[in-house]
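Shown next, in structure tokens, is the structure this report addresses.
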Amino acid sequence: MSEKLRESLSAMIDGEANELELERILARIGQDSELRQTWIRYSAVRSLNAGEAVANLSMDVSEAVRSAIGEDSNSHNETGFSAGTKRFLKPFASFAVAASVAATVVIGGQQLSQIGESVPYSSSLAGTSPVGLINSVGATAVQASYGTQPVPVLQPTARTAYHKLARHRMQKYMQEHVEQAALNSPQGLIPFSRIQQIQE
Amino acid sequence: MTAMKSKFPCRRIFRLAGCLAAGMVYAAQAAATSCPPADTEALQWLEKMSRSAQEVSYHGVVTFQRGDDMQVMQISHSVSGGTASERLTQLTGQGAQVTRTDHPLECLHPGHRLLRLGATDAATGSSLSGSCGIAENYRFSVDEGERVAGRKAVRILIAPRDMYRYGYVMELDRQTGLLLKAQTIGRGNKVLERFQFANLSYDEEVSQAPDVEVLHNATHSLPEEHTGAGHYSEQWTVRWLPNGFTATDSPAGAGKRRTYTDGLAVFSVFLEVLPQDIKPGEGVARRGGTTSYTRGMRLAGRPTLVTVIGEVPVNTARMVADSIKWSQEP
Numbered sequence: 006m007s008e009k010l011r012e013s014l015s016a017m018i019d020g021e022a023n024e025l026e027l028e029r030i031l032a033r034i035g036q037d038s039e040l041r042q043t044w045i046r047y048s049a050v051r052s053l054n055a056g057e058a059v060a061n062l063s064m065d066v067s068e069a070v071r072s073a074i075g076e077d078s079n080s081h082n083e084t085g086f087s088a089g090t091k092r093f094l095k096p097f098a099s100f101a102v103a104a105s106v107a108a109t110v111v112i113g114g115q116q117l118s119q120i121g122e123s124v125p126y127s128s129s130l131a132g133t134s135p136v137g138l139i140n141s142v143g144a145t146a147v148q149a150s151y152g153t154q155p156v157p158v159l160q161p162t163a164r165t166a167y168h169k170l171a172r173h174r175m176q177k178y179m180q181e182h183v184e185q186a187a188l189n190s191p192q193g194l195i196p197f198s199r200i201q202q203i204q205e
Numbered sequence: 391m392t393a394m395k396s397k398f399p400c401r402r403i404f405r406l407a408g409c410l411a412a413g414m415v416y417a418a419q420a421a422a423t424s425c426p427p428a429d430t431e432a433l434q435w436l437e438k439m440s441r442s443a444q445e446v447s448y449h450g451v452v453t454f455q456r457g458d459d460m461q462v463m464q465i466s467h468s469v470s471g472g473t474a475s476e477r478l479t480q481l482t483g484q485g486a487q488v489t490r491t492d493h494p495l496e497c498l499h500p501g502h503r504l505l506r507l508g509a510t511d512a513a514t515g516s517s518l519s520g521s522c523g524i525a526e527n528y529r530f531s532v533d534e535g536e537r538v539a540g541r542k543a544v545r546i547l548i549a550p551r552d553m554y555r556y557g558y559v560m561e562l563d564r565q566t567g568l569l570l571k572a573q574t575i576g577r578g579n580k581v582l583e584r585f586q587f588a589n590l591s592y593d594e595e596v597s598q599a600p601d602v603e604v605l606h607n608a609t610h611s612l613p614e615e616h617t618g619a620g621h622y623s624e625q626w627t628v629r630w631l632p633n634g635f636t637a638t639d640s641p642a643g644a645g646k647r648r649t650y651t652d653g654l655a656v657f658s659v660f661l662e663v664l665p666q667d668i669k670p671g672e673g674v675a676r677r678g679g680t681t682s683y684t685r686g687m688r689l690a691g692r693p694t695l696v697t698v699i700g701e702v703p704v705n706t707a708r709m710v711a712d713s714i715k716w717s718q719e720p
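Residue numbers (this note's numbering), protein chains in the order written: chain A, 6 to 205; chain B, 391 to 720.
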């Protein structure tokens, strides 16, 4: 397993992977048993570090992933699209899987035993917090694409360009966004501190 | 963007069009009659928080952290004669100052309106307005808070009911309800950003003014404010929003921007028609709790760049960008 893949996996389990990293893992998880084993091992380490019980780690997260991928390709088969259309659909379908995997991973890492119980709000460690993104009553389906626009797989240069563009637009539009946020969220003017360079 | 602009429209227009606009929002949601069971105490605290944010005079020093980056700023908020004046002065970094003067107390923006809805509903046990406010999309619990800026606090844990928004831990002043500390929580219980008061007093400010490099008067765009229709206005629509998000101002006044809030999170959508073709694709940049998602695509045959910026997960931004459509061919 390549170092890059290992890093992507680690990032994913920490909830920090970007879409590209998720895609990278998803492309491999079906065939790569070493990757699946590492996944389970990393999840175990993370749970231990977070002070969670290990009992749930016998659960094979990747099984859930493979079934998610299975469902995904099945749903395409059922639609009876031509091969060309399937290729066309694939990019955003894979993101849908990516999102569901992310959900699975977080749920897996956070202990399935908590589901259905009230979330235990113990004192938090530095850098972590007792409230999660995750719905404590169970994994909910997340729609990952509205489905109107296919997202093409980009060449590395285009990816870099788009990342730069996103950063640039963040700077360009942040103040206009913040003006609204300051009026409509409970922190008053504090959202202004998110702006890198406040303009007059 | 002068102070003048922010002084007058609210008073003149709010009572007339403002309440009309609010009525329309509620009518649209009137189908929802029963609200999910919610922690009444938490909702009452959040309502108190929303009120104190506008109605109480205070000043203090606030820290704002994102990852390794920490900023320190001075905040002051003073109320007199039915209006509030606010000032934020950066003590680190750029040294900018942001002011908003003469903001009428009765001028209630949609975000705060949503925060105050839930409490009313919880008190009667049913929905009066037809909307459950933030309780529809978040789950709450109340806990003993720590001491923040020397004040005893109550801690409100706010967990999202779906994955389209973040969670929060808020600490409120036990006496006044003022928000003393807030953490935004992302996937894997990660703290994305945190702000908190380092010191706070409720008396009149006597401190010396720090050196200011840049002075900005915060704008005051309104749900009711109709500016002249730009060539973008009302030609594009956002067809998908996560449950509970409401526009912060009228589309006609928004031009190439639309902003939405669910009472706690806010995001904005920006649309640009490009002069030349762009290779379709997407890019993401993040800073603390803020996501910037940019998508290049062809909309109605024209190269278009859609950017979603806000304190929401990237998947939410992507869904919203995906749903943009020209509502009338320009």
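We put the CB at the ideal spot given by N, CA and C, even for glycine.
All figures in this text were calculated on a predicted structure; none of them were measured in a lab.
Measure from the alpha carbon of residue i to the alpha carbon of each residue in the options, then state which is nearest.
{"i": "B:L562", "options": "B:Y556, B:K571, B:F585", "result": "B:K571"}
{"i": "B:D458", "options": "B:G678, B:W716, B:M687, B:D712", "result": "B:G678"}
{"i": "B:L498", "options": "B:I699, B:V656, B:E445, B:G671", "result": "B:E445"}
{"i": "B:T681", "options": "B:S640, B:G671, B:T697, B:T649", "result": "B:T697"}
{"i": "B:R555", "options": "B:G485, B:G653, B:G472, B:T566", "result": "B:G653"}
{"i": "B:Y592", "options": "B:W630, B:M463, B:L568", "result": "B:L568"}
{"i": "B:M439", "options": "B:N579, B:G576, B:R584, B:V544", "result": "B:V544"}
{"i": "A:P191", "options": "B:E437, B:C425, B:P426", "result": "B:E437"}
{"i": "A:L188", "options": "B:L504, B:P670, B:A711", "result": "B:L504"}
Residue i to residue j, Cα distance in whole Å?
{"i": "A:V124", "j": "A:E26", "result": "Residue placement at A:V124 is poorly supported in this model, since its pLDDT is 29, which falls under 50; the coordinates are not used for a value here."}
{"i": "B:I465", "j": "A:E8", "result": "47 Å"}
{"i": "B:R541", "j": "A:Q185", "result": "29 Å"}
{"i": "B:E431", "j": "B:R506", "result": "13 Å"}
{"i": "B:N607", "j": "B:A525", "result": "33 Å"}
{"i": "A:I200", "j": "B:V581", "result": "19 Å"}
{"i": "B:S468", "j": "B:R477", "result": "9 Å"}
{"i": "A:V110", "j": "B:L689", "result": "Low confidence applies here, because A:V110 scores a pLDDT of 39, under 50, leaving its location unreliable and the question unanswered by this model."}
{"i": "B:V656", "j": "B:E536", "result": "27 Å"}
{"i": "B:T649", "j": "B:T638", "result": "6 Å"}
{"i": "B:T491", "j": "B:S640", "result": "22 Å"}
{"i": "B:T661", "j": "B:Y683", "result": "For clarity, residue 661 of chain B is Leu in the given sequence; the question names Thr instead. Roughly 12 Å separates the two Cα atoms."}
{"i": "B:P426", "j": "B:S531", "result": "14 Å"}
{"i": "A:A22", "j": "B:S447", "result": "43 Å"}
{"i": "B:S717", "j": "B:D601", "result": "48 Å"}
{"i": "B:S713", "j": "A:A163", "result": "23 Å"}
{"i": "B:G686", "j": "B:M709", "result": "14 Å"}
With a threshold of 8 Å between beta carbons, is residue i in contact with chain B?
{"i": "A:S7", "result": "no"}
{"i": "A:Y47", "result": "no"}
{"i": "A:L170", "result": "yes"}
{"i": "A:S13", "result": "no"}
{"i": "A:A163", "result": "yes"}
{"i": "A:R199", "result": "yes"}
{"i": "A:L27", "result": "no"}
{"i": "A:I30", "result": "no"}
{"i": "A:E181", "result": "yes"}
Can you check DSSP and say which residues form a bridge with residue i?
{"i": "B:H449", "result": "B:S466, B:S591"}
{"i": "B:N607", "result": "B:T489"}
{"i": "B:W626", "result": "B:W716"}
{"i": "B:A572", "result": "B:M560, B:F585"}
{"i": "B:F530", "result": "B:I548"}
{"i": "B:P693", "result": "B:R688"}
Report yes or no: is there a C-beta of chain A within less than 8 Å of the C-beta of residue i?
{"i": "B:L654", "result": "yes"}
{"i": "B:V702", "result": "no"}
{"i": "B:T627", "result": "no"}
{"i": "B:T684", "result": "yes"}
{"i": "B:L569", "result": "yes"}
{"i": "B:S640", "result": "no"}
{"i": "B:A539", "result": "no"}
Less than 8 Å between the beta carbons of residue i and residue j, yes or no?
{"i": "B:A588", "j": "B:V451", "result": "yes"}
{"i": "B:S442", "j": "A:E181", "result": "no"}
{"i": "B:P500", "j": "B:T627", "result": "no"}
{"i": "A:Y47", "j": "A:L10", "result": "no"}
{"i": "B:Q461", "j": "B:Q480", "result": "yes"}
{"i": "B:I699", "j": "A:M6", "result": "no"}
{"i": "A:H168", "j": "B:G673", "result": "yes"}
{"i": "A:M17", "j": "B:A675", "result": "no"}
{"i": "B:M560", "j": "B:I546", "result": "yes"}
{"i": "B:A474", "j": "B:H493", "result": "yes"}
{"i": "B:A539", "j": "B:L590", "result": "yes"}
{"i": "A:I30", "j": "A:R41", "result": "no"}
{"i": "B:T453", "j": "B:F585", "result": "yes"}
{"i": "A:E39", "j": "B:V604", "result": "no"}
{"i": "B:R577", "j": "B:R551", "result": "no"}
{"i": "B:P632", "j": "B:D667", "result": "no"}
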